[in-house]
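Residue numbers (the numbering used here), protein chains in the order written: chain A, 358 to 747; chain B, 358 to 747. In this text, a Cβ means the ideal position worked out from N, Cα and C, and glycines have one as well. The structure displayed is predicted, hence computed values, not measured ones. In what follows, a structure is listed as structure tokens, so that the remarks can point back to it.
2 protein chains.
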Amino acid sequence: MTRPRIPRQSDIARLAGVSQATVSMVLNDRAADNRIPESTQQRIREAMAELGYVPNIAAQSLRGGRSGLIGVHTFERVFPTAPDDYYREFLNGIEEQAVNSGLDLVLFASTQKPDGTRSIYGSGSNRMRLADGAIILGFEKNDDEIRRLSDEGFPFVFIGRREVAGLDIPFVTADYAAAMGPVVQTLVDAGHRNVTYLAAPLRALAQQERLEGFEAAIASAGQILSHRVEVRPESAVTADVDQILSHRVEVRPESAVTADVDQILSHRVEVRPESAVTAEWVNDVRRGGSTAIVVETFDLARALAAALADAGLVAPRDLSVISLDADPSGGGAFSHVRVPRRAMGRRAVELLLAVIDGADAPTLTEPVHCEPPATDTVGAPAPAALASSA
Amino acid sequence: MTRPRIPRQSDIARLAGVSQATVSMVLNDRAADNRIPESTQQRIREAMAELGYVPNIAAQSLRGGRSGLIGVHTFERVFPTAPDDYYREFLNGIEEQAVNSGLDLVLFASTQKPDGTRSIYGSGSNRMRLADGAIILGFEKNDDEIRRLSDEGFPFVFIGRREVAGLDIPFVTADYAAAMGPVVQTLVDAGHRNVTYLAAPLRALAQQERLEGFEAAIASAGQILSHRVEVRPESAVTADVDQILSHRVEVRPESAVTADVDQILSHRVEVRPESAVTAEWVNDVRRGGSTAIVVETFDLARALAAALADAGLVAPRDLSVISLDADPSGGGAFSHVRVPRRAMGRRAVELLLAVIDGADAPTLTEPVHCEPPATDTVGAPAPAALASSA
DNA sequence: CTGAAAGCGCTTACAG
DNA sequence: CTGAAAGCGCTTACAG
Chain A
358 MTRPRIPRQS DIARLAGVSQ ATVSMVLNDR AADNRIPEST QQRIREAMAE
408 LGYVPNIAAQ SLRGGRSGLI GVHTFERVFP TAPDDYYREF LNGIEEQAVN
458 SGLDLVLFAS TQKPDGTRSI YGSGSNRMRL ADGAIILGFE KNDDEIRRLS
508 DEGFPFVFIG RREVAGLDIP FVTADYAAAM GPVVQTLVDA GHRNVTYLAA
558 PLRALAQQER LEGFEAAIAS AGQILSHRVE VRPESAVTAD VDQILSHRVE
608 VRPESAVTAD VDQILSHRVE VRPESAVTAE WVNDVRRGGS TAIVVETFDL
658 ARALAAALAD AGLVAPRDLS VISLDADPSG GGAFSHVRVP RRAMGRRAVE
708 LLLAVIDGAD APTLTEPVHC EPPATDTVGA PAPAALASSA
Chain B
358 MTRPRIPRQS DIARLAGVSQ ATVSMVLNDR AADNRIPEST QQRIREAMAE
408 LGYVPNIAAQ SLRGGRSGLI GVHTFERVFP TAPDDYYREF LNGIEEQAVN
458 SGLDLVLFAS TQKPDGTRSI YGSGSNRMRL ADGAIILGFE KNDDEIRRLS
508 DEGFPFVFIG RREVAGLDIP FVTADYAAAM GPVVQTLVDA GHRNVTYLAA
558 PLRALAQQER LEGFEAAIAS AGQILSHRVE VRPESAVTAD VDQILSHRVE
608 VRPESAVTAD VDQILSHRVE VRPESAVTAE WVNDVRRGGS TAIVVETFDL
658 ARALAAALAD AGLVAPRDLS VISLDADPSG GGAFSHVRVP RRAMGRRAVE
708 LLLAVIDGAD APTLTEPVHC EPPATDTVGA PAPAALASSA
């Protein structure tokens, strides 16, 4: 089967008896500007239909500059292997907004290096420039690459707060700090005065925001509250993260613990292994006087749910729990704050489009609102946790 | 911040003191053919690195070269909203192989029309031509668009068997028919003689293959087996699907049912509403003499698991069950055949690459092997199902 | 009102 | 061994 040649503007022009440029005008609705008579336009449109004309995108974007392609770059796989992937909802939102804006998405798979990590310049050249701009996701720190990208003037935005010294990086983030207000208020209103904050190892600035927001909320709640901060490290912790971590440890030193109970605010940072969210740990928390747990991530929440079950405890009867993130599976055992990932994905596309159009990016960075938690697993403080579960 | 101009080949040429054409040669590994001395090549490569040169894809593909872009087109959303999405594993495989081949992926979101459906030509132009070729996924029948794509000579492959009259469409499929052998053998070996095949509404040719493979396997098992085929329609059933359905009904008419039990092979097609996989239905199946159920899809399997629980039944104690598809969540209540979606995704990229290179596509179409089921939920036939559960 | 022409950045014969 | 030139299909001033 010989491949029939694809019609181009000049074919239409010939058929309609006009010049190729005129065809282009009609096609781009510039006909009015150039006062092309309706009858001519009609003839051209008929010719287009007859020949099944379709513009050649490559030519259009070569000529016009824009490719209509938005890049998506992650420093990890784009398509999640696990069904409960963290990125999924972001990508949903990105796709949604891309559809709205008539844009296509390029997933940069070619940027993956042999060792499995992804690097923008690893292959020597920045394939990203193929797109009009890019949305970057992921925890990995790649300051050098980000800086270079920025130096090149390539438009990009981050999902998740990103800070690189000397650069104004546009990013989309959720208003984590503000979301902590209702969380704390909910607990305080229910009568809790001693709350444990169970945190994942620090990988992202958002986590710091949450924790600081939590602490600020407690302070402004003006209640006599004591809370412990549990940080659960993973083997994935990098040197950079450790710095953040030790910074936090410094701010809230272990020595502050003793005076704990009677202070208005006190903190405690514990570093424990991943498997440390156990029935025993939960019992320890209760024995320590906490009547509620605020759990940072959905996977920690899962571990906590299992630990509660193991300990024969039920929320909120024995312990109130609020998760700061919904379980992507749609289930999730606890009342939770909803991080608006979908909306963040959509916003990232909008922001990127603005950046591409030369907008002053950082002024557009406004956090997306988080929905406050339901109160299903928040109740009155359980009477003093007496027994061990052994 | 003024955006620095993006370097092009002529910039490199100037810096390296050669002509722009020479840069192009080196870039495309045509240097050897043209006996460009290594020293010159070196100089050019250094200049490219210094300027951070990246080819302009639009220009390359306008010129007729490759863009290194593989399109992915679905007639539905690409990024699944539900965590247990059917496409996910295909996409995993596609991404995996794209990485291996140093290709990037374009997700055609711009093809979505206002009504939410996606159409290649709906927006007037075939944006797909931006990519070197495309992988198409999805159930939707779009014969006209497929035909047009083919007429244009655009390279594409399908995941899932696709047949359009007069066209040789390359597709990747799993060897469903062959997979049915072990399924039937497993059941027969365990002593089952009466099996119900619970099918989803027919949307894809693969389903037909499975069912026919199942029947062929039963025939060749040479056992006295009777089985019923249950077809569960959804509201999504289209006119086309109905045709397939009624075809099947015709082949296995209701009237063949009565002589059922003593015949070597008999069939029964039942059309029932979606919610029909209930405890009551399971009991009916057992009362009807079936000691095993072969369930076609993971969502039907979920419904069946719930129905069994409702009926207070346990597999394989009361009923043996084999699912013909693994649950994407990774769980799944029953022994199942593993449809090798990941491998199919990988294969699709390989096949597409071959098609782009002008290979004779259909000869490459060889089904991917399915892993046989485990036997956890297959046991000896339960003693005659006596009581109802009411 | 319409057409001729330049040029987007590349690749590929072709001519030296 | 290297360069000049054509041309991929388009858009956009610009000149009539």
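A Cβ of chain B is located within less than 8 Å of the beta carbon of Ile363 (chain A). Judged by DSSP secondary structure, Phe513 (chain A) falls outside any alpha helix (DSSP H) and instead within the beta strand (DSSP E) spanning 513–516. With a threshold of 8 Å between beta carbons, Val383 (chain B) makes no contact with chain A. Secondary structure of Ile427 (chain B) (DSSP, three-state): strand.
Below the 8 Å Cβ cutoff, chain A contributes Val456 as neighbours of Gln469 (chain B), in chain order.
Of all residues in the segment 394–414 of chain A, only Gly409, Val411, Pro412, Asn413, Ile414 place a beta-carbon less than 8 Å from a beta-carbon of chain B. Around the beta-carbon of Pro394 (chain A), fewer than 16 other beta-carbon atoms lie within 10 Å, marking it exposed.
Residues Ala373 of the same chain have their beta carbon placed closer than 6 Å to that of Arg400 (chain B), with the five preceding and five following residues left out of the count. Between the alpha carbons of Gln377 (chain A) and Tyr410 (chain A) lies a gap of roughly 13 Å. At a cut-off of 8 Å between beta-carbon atoms, Ser418 (chain A) makes contact with chain B. By the criterion of a C-beta distance shorter than 6 Å, Ala690 (chain B) is surrounded in its chain by Ala662, once the five residues flanking it on both sides are discounted. Three or more Cβ pairs drawn from the segment 536–545 of chain A and the segment 564–575 of chain A lie within less than 8 Å of each other, which places the two stretches in contact.
Taking C-beta atoms as the reference points, Glu728 (chain A) and Val694 (chain A) count as a pair closer than 8 Å.
With respect to Ser507 (chain A), Leu524 (chain A) sits close: the two C-beta atoms are nearer than 8 Å. In the three-state DSSP reduction, Ser476 (chain B) falls in the coil class, being neither helix nor strand.
Buried is the label assigned to Asp684 (chain B), since at least 16 other Cβ atoms lie within 10 Å of its Cβ. Within chain B, the residues Glu452, Ala455, Val456, Leu460, Asp461, Leu462 have their CB atoms less than 7 Å from the CB of Ala466 (chain A), given in chain order. At a cut-off of 8 Å, the C-beta of Gly425 (chain B) has a neighbouring C-beta in chain A.
Just measuring C-alpha positions, the residue of A:Met485, A:Val735, A:Trp638, A:Val634 sitting nearest Ala672 (chain A) is A:Val735. Take the alpha-carbon of Ser367 (chain A) and the one of Leu408 (chain A): they are about 11 Å apart.
The DSSP-derived three-state label of Val694 (chain B) is coil. Residue range 414–420 is occupied by the alpha helix (DSSP H) that includes Ser418 (chain B). At a cut-off of 8 Å between beta-carbon atoms, Arg695 (chain B) makes no contact with chain A. DSSP, reduced to helix, strand and coil, places Asp546 (chain B) within a helical segment of the structure shown.
Not one beta carbon of chain B lies nearer than 8 Å to the beta carbon of Glu433 (chain A). For the pair of segments examined, the segment 460–470 of chain B was found to touch the segment 446–460 of chain A: the number of CB pairs separated by less than 8 Å reaches three. Not flagged as an interface residue toward chain B: Arg518 (chain A), since no C-beta distance is shorter than 8 Å.
Taking 8 Å as the cut-off, the beta carbon of Ala491 (chain A) is found closer than this to the beta carbon of His430 (chain A).
Between Asp641 (chain B) and Asn640 (chain A), the alpha-carbon positions lie close to 48 Å from each other.
Straight-line spacing of the CA atoms in Ile713 (chain A) and Glu707 (chain A) works out to 10 Å. Note that the C-beta distance between Ile451 (chain B) and Asp489 (chain B) is not below 8 Å. Neighbours of Arg486 (chain B) in chain A, taken as residues at a C-beta separation under 9 Å, are given in chain order as Ile363, Val411, Asn413, Ile414, Ala415. Under the criterion of beta carbons closer than 8 Å, Phe447 (chain A) and Arg643 (chain A) do not qualify as touching, at roughly 36 Å. Using beta-carbon distances, Asn640 (chain B) does not count as an interface residue toward chain A, since no partner is under 8 Å.
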